[in-house]
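Following our numbering, the numbering of the sequence shown begins with 216 at its first residue and continues without gaps.
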Amino acid sequence: MIVQSYLVYLAITLTVTVWVARTLHRNGRVFLLDAFHGNDALADSVNHLLVVGFYLVNFGYVSLVLRTDQKPVDLVSAIEIFSHKIGIVLLVLGVMHFINLKIFSAMRHRAQRIIPPPPVQSNERTAVA
216 MIVQSYLVYL AITLTVTVWV ARTLHRNGRV FLLDAFHGND ALADSVNHLL VVGFYLVNFG
276 YVSLVLRTDQ KPVDLVSAIE IFSHKIGIVL LVLGVMHFIN LKIFSAMRHR AQRIIPPPPV
336 QSNERTAVA
């Protein structure tokens with residue numbers, strides 16, 4: 216019973232993690248392009264690095280939470296134990312999602328700040344005595 220529970224836990228948590236990462240990657244690109252003033256290479260690079268970090272943190276957490284000292288004796292206890300674990304992983308994914316949104320939002324806000332134009336240069340030359 217425990218091995219099947221582990222497999223279901225891993226299938227659900229890894230699938231959700233990959234889905235969230237792909238969603239962040241696809242939709243985060245728009246914010247990054249805006250933040251980096253249309254610099255495709257830089258936006259794609261930062262986007263990829265954010266997704267790699269997201270995967271590392273979440274896969275690491277999923278692995279750490281996998282272990283349990285409780286041994287399910289029947290299907291009901293197995294569902295209860297692993298639904299609790301899946302719930303925790305989903306909450307961590309949600310927090311990571313909002314952290315990514317905060318990062319994207321801060322980058323975009325910083326890029327949209329109004330930068331004063333440079334001083335107007337004179338068209339005439341002034342003779343130096």
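We put the CB at the ideal spot given by N, CA and C, even for glycine. All values derive from a computational prediction rather than experimental measurement.
- By the Cβ test, the stretch 301–310 is in contact with the stretch 227–238, since at least three Cβ pairs between them sit closer than 8 Å.
- Distance from the CA atom of T238 to the CA atom of D259, rounded to whole angstroms, is 14 Å.
- A direct Cα-Cα distance of roughly 7 Å separates F319 from G243.
- With fewer than 16 other beta carbons inside 10 angstroms of its own, V218 counts as exposed.
- Nearest to H324 by alpha-carbon distance, out of F251, V266, Q285 and V223, is F251.
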